[in-house]
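Reading through the structure tokens given below for one structure.
Chains as they are written, first to last, in this note's numbering: chain A, 835 to 1138; chain B, 14 to 377.
Here you go:
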């Protein structure tokens, strides 16, 4: 079946070439990265035969391993907390009218709009002042580390989660909630049995986004991290300054693999949880299919 | 406001009783000082154009809006500020509001589950409700796999399974196409007789209200203008708005001369009964199907008439609609399409006539 709107002739060839070009741009760097992670040569750009040495290095590198675990813990903790807070904020903004709603709405977008560096400096100042105060008033001697990184990640993730969840909520008719109330559900049961199942794809998308952002963040983490703990991207960034080795390639490949598995798992979960049905699955795919890689990209997306 | 029809509200407690109910949204008055009693077992229609406050009134009964002023009683219990989940009423929403993530069965069972009804009882009652609306075999479908008519039945079953004391329906047939709508009108009526529950439904479709309701309340701009049986509303509208809104009608401007005479705008005095003050501006309401048409010199002696020029004839198949133009009013006359009889041509002078019992005098 070919309709008149289907491209044909030169147009078709040009379009095909164009899409291959796009794929080339997307995947050539990844391909190069993967290939050279197996290269048996200290110089990143030179092929020196096949080896798994760099992957072994990665496993045996204590500091790298520490950084991986810090990253995972920070990502999980900040995701859980920011999903709860972000969803609540989205519900409040989308479903209730209250004093100061518009101000709250505008303020919620701040972490998305302001530059990473500004946010990072804010965090740095905040933590040093805050810890000084705690020290002065209660004699608590707190250091920056896992806690401060997690808090700073929560601070920006709430905004992203609430944006994603709100988009989903806006598409859901309020009448469904009224129907639940009419059918003897309490407010809590209405949320539990009607609102939440409807927004689950949004919440899942938001969670995935938060997880990715937290795992990827360098700038803010660098300022909020202390001597006690550092995350994987920040550590890798530090390594690069001391010279690039294929170890960095190997680490990057593993990070990439982790991201892909995360997305695949999330999709599989959506598929087999069944109850969500097809529309929610589609929404989840849309939310997940292209998880933006960095804060900046998302900001650009939102600003457009 | 009319007291007609209140004889139906006997000494027993009213299913729904509104006393001086007002609802404001900011400075907008959506419902203005409405008094209304709906009897137990009645099929009641709230009729009016969009924005007249009928849906707001229904939502106040459901508990989805709280009245700004006044008292709202459901079977004698004050319910004004009770939340919707603590009222013995259920609603069929305009677009049905079925839960898309649940099957038909789960949708119907929702209300019972929320009330913590025992599991085995839920199963039985859900089956009963599903067969009541003839949806057997579709229990495991989701709402997007159903047709409009089927969705409506699910919404009905989901509400009725809770055995509410009052069932509220917000434009229940609005989303259906014409043929299905007419079919469902009969079905809803039969269903109401079968379950014996008070039905209150909101509609902007006067034909729907006339065919289904035991009594109709006509609303406009937040006010309840008239309450009565379909026949009362059609034949004795209280004012120009009601006369115009319910069915087709001709309205001749006039003023009251005495309690059985009015003066038409062309200066002619004709008999017309009213209990309004002398001098009140009124309209004489003449339904097109009740108007007669004769050659000007052949009007029967017992009929009143006005003479005008025939402007157009619309052929409807089973009837003909004649438009007659006078210099102060334009009249429509509807005649059954019978063989023979008077068939004037366009441009001719004709007399539009009526007997005294064919007209009613309404406030302008």
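C-beta: ideal position from N, C-alpha, C; glycine also.
Treat the numbers as computed from the prediction; the structure is a model and nothing was measured.
- Using a Cβ-Cβ cut-off of 7 Å, residue 1031 (chain A) is close to 114 of chain B, given in chain order.
- Residue 367 (chain B) has B:317 as its beta-bridge partners, per DSSP.
- For residue 104 (chain B), the C-beta contacts it makes with chain A under 7 Å involve 1016, in order along the chain.
- Assignment of residue 287 (chain B) by DSSP, reduced to helix, strand and coil, places it in the coil class.
- Residue burial is scored here from C-beta neighbours: residue 1045 (chain A) has at least 16 other C-beta atoms within 10 angstroms and is therefore classed as buried.
- Classified as exposed, residue 328 (chain B) has fewer than 16 neighbouring CB atoms from the shown chains inside 10 Å of its CB.
- The Cβ of residue 894 (chain A) sits no closer than 8 Å to any Cβ of chain B.
- Ranked by how close their Cα comes to the Cα of residue 32 (chain B), the residues B:338, B:47, B:38 have B:47 in first place.
- Contact of residue 1028 (chain A) with chain B is assigned, a C-beta pair being separated by under 8 Å.
- Judged by DSSP secondary structure, residue 222 (chain B) falls within the alpha helix (DSSP H) whose first and last residues are 219-225.
- The contact set of residue 1023 (chain A) on chain B, defined by CB atoms closer than 8 Å, consists of 127 in chain order.
- In the DSSP assignment, residue 85 (chain B) falls outside any alpha helix (DSSP H) and within the unbroken beta strand (DSSP E) covering 82-87.
- Within chain B, 98, 127 have C-beta atoms less than 7 Å from the C-beta of residue 1019 (chain A), given in sequence order.
- Within chain B, the residues whose beta carbon sits less than 7 Å from that of residue 1010 (chain A) are 110, 112, listed in sequence order.
- The beta-bridge partner set that DSSP reports for residue 240 (chain B) consists of B:230.
- In this model, residue 155 (chain B) and residue 167 (chain B) are separated by some 10 Å (Cα to Cα).
- Below the 7 Å Cβ cutoff, chain B contributes no neighbours of residue 1001 (chain A), its closest Cβ being approximately 17 Å away.
- Residue 90 (chain B) is bridged by DSSP to B:87.
- Using beta-carbon distances, residue 1038 (chain A) does not count as an interface residue toward chain B, since no partner is under 8 Å.
- Residue range 305-307 is occupied by the beta strand (DSSP E) that includes residue 305 (chain B), with no alpha helix (DSSP H) assigned at that position.
- DSSP, read as helix, strand or coil, puts residue 210 (chain B) in coil.
- In the structure shown, residue 275 (chain B) adopts extended strand secondary structure according to DSSP, grouped into three states.
- By the Cβ-count criterion, residue 72 (chain B) is buried, with 16 or more other Cβ atoms from all chains shown falling within 10 Å of its own Cβ.
- For residue 943 (chain A), the number of other beta carbons within 10 angstroms of its own is below 16, and it is reported as exposed.
- Burial of residue 66 (chain B) is indicated by the presence of at least 16 other C-beta atoms within 10 angstroms of its C-beta.
- Each residue's CA atom was taken as its position, placing residue 978 (chain A) and residue 96 (chain B) some 49 Å apart.
- Contacts with chain A (Cβ-Cβ distance below 9 Å) from the region 75-101 of chain B involve 75, 76, 77, 96, 97, 98, 99, 100, listed in chain order.
- In this structure, the straight-line span from the alpha carbon of residue 333 (chain B) to that of residue 254 (chain B) is close to 26 Å.
- Residue 164 (chain B) and residue 298 (chain B) have their alpha carbons spaced roughly 41 Å apart.
- Using a 10 angstroms sphere on the CB of residue 100 (chain B), the tally of other CB atoms reaches 16 or more, which defines it as buried.
- For residue 111 (chain B), there is no enclosing alpha helix (DSSP H), as DSSP marks it with neither H nor E.
- At a cut-off of 8 Å between C-beta atoms, residue 212 (chain B) does not count as an interface residue with respect to chain A.
- In summary, residue 351 (chain B) is exposed, with fewer than 16 beta-carbon neighbours lying within 10 Å of its beta-carbon over all protein chains present.
- A Cβ-Cβ distance of about 12 Å is found for the pair residue 922 (chain A) and residue 938 (chain A), leaving them out of contact under the 8 Å criterion.
- Residue 147 (chain B) and residue 170 (chain B) have their alpha carbons spaced roughly 10 Å apart.
- Here residue 857 (chain A) is exposed: its Cβ has fewer than 16 other Cβ atoms, across all protein chains shown, within 10 Å.
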